[in-house]
Amino acid sequence: MLVATGPADQPACCTIGAVSRILVVDDDDQLRRALRINLTARKYEVITAADGTQALTAAGHTPPDLAIVDLGLPDMDGVDVVRGLRGWTAVPIIVLSARDDQAGKVEALDAGADDYVTKPFGMDELLARIRAALRRATPQPETATITTPDFTVDLAAKRLTTPTGQDIRLTPIEWRMLEVLTRHADKLVAQKQLLREVWGPAYETETGYLRVHLANLRRKIEPDPSRPRYLITEPGIGYRFTP
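With the UniProt record's numbering, letter number 24 in the sequence shown gets 24, and the count goes up by one each step, no holes.
Given below as structure tokens:
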């Protein structure tokens, strides 16, 4: 079972004055409270959520430095929360679950989780995982929502809308391309990287796929697809999303 430890230990991230913000997502009130108390005692800033919807909303408004996500949530599977977070942020995600089967662990990790702790667990173990995950993390400014004069991309909710709030329908491939490009806003994404992240390693040479699907995506979001404003091609190299 979860066990509280002795005196609070200062997290490594706080030695120079920085405080890491941790999002805790679990529908068990007692466990959620225990985690909040233990993490706060160790000088972490803690945000809690009892379900997946609350978690994604909270993360969008106040981006965490690390997320702890239970897989058994009342409104959605925790794996979907992992996917929602991973769609726009690279912060470490530690999954908690009573599921100890191999398939459950693989699914969570494939969805983007960085680590997996099986219930019941000891607080010392979880704290060690948190410290290790934060050490590996590379700080970077991130946002869940990107707003332009012509559309808004909500990476957490996986929605693309017009300025009046109407949904712009994308195919799964088009959304994944937009997701990867917006996650690297103003940065060049190489053709191979985009192919690998959208289709997989076996498709790194299929540059024709990019031309076809990017043309379709431009028709849906660009004011003038023949003169792209947002999805810029770097000939022979890759693509850049410019908000």
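Ideal Cβ positions, reconstructed from N, Cα and C, are used throughout, including at glycine.
Use the C-beta contact count for G165: other C-beta atoms within 10 angstroms, 16 or more gives buried, fewer gives exposed. exposed
In chain order, which continuous runs of the alpha helix (DSSP H) of length 4 or greater are located wholly inside the UniProt domain "Response regulatory" (21-134)? 29-41, 52-61, 78-86 and 102-111
Please check if any C-beta of chain C sits within less than 9 Å of the C-beta of V91. In summary, chain C is missing from the structure at hand, where a single protein chain is found.
Proximity of T161 and D154 at Cβ, strictly below 9 Å: yes
Excluding five sequence neighbours on each side, which residues of the same chain lie with their C-beta closer than 7 Å to the C-beta of F151? L160, T161, T162, I168 and I221
For Q191 and T233, what's the separation of their Cα atoms in angstroms? 10 Å
I'd like to know if the segment 66-84 and the segment 103-110 are in contact, where contact means that at least 3 CB-CB pairs between them fall below 8 Å. yes
Under DSSP, the alpha helix (DSSP H) around Y239 begins and ends at which residues? Per DSSP, Y239 belongs to no alpha helix (DSSP H); it is in the beta strand (DSSP E), G238 to F241.
Taking the alpha-carbon of A132 as reference, which of E179, Y116 and A144 has the nearest alpha-carbon? Y116
P243 versus L210: straight-line alpha-carbon distance, rounded: 20 Å
Limits of the beta strand (DSSP E) - the one that R169 falls within: Note, R169: premise wrong, no beta strand (DSSP E); not H, not E.
Three-state secondary structure assigned by DSSP to V189: strand
Whose C-alpha, out of A185, L195 and D186, is nearest the C-alpha of I173? L195
Checking 9 Å against the spacing of the C-beta atoms, do A59 and A50 come in under that value? no
I need the straight-line Cα distance from R176 to Y203, nearest angstrom please. 15 Å
Is R176 helix, strand or coil by DSSP? helix
Within this structure, are the beta carbons of L71 and V95 separated by less than 9 Å? yes
Assuming P241 contacts A185 (C-beta within less than 8 Å), just tell me the rounded distance between them. For the sequence presented, residue 241 should be read as Phe rather than Pro. Confirmed, Cβ separation roughly 5 Å.
Bounding residues of the beta strand (DSSP E) (the contiguous stretch that carries L160): R159 to T161
Rounded to whole angstroms, what's the CA-CA distance from L39 to E206? Just pull it up for me. 47 Å
DSSP state of E234, grouped into three classes? strand
Are A137 and P63 close, meaning C-beta to C-beta below 9 Å? no
Going by DSSP in three states, V212 sits in which element: helix, strand or coil? helix
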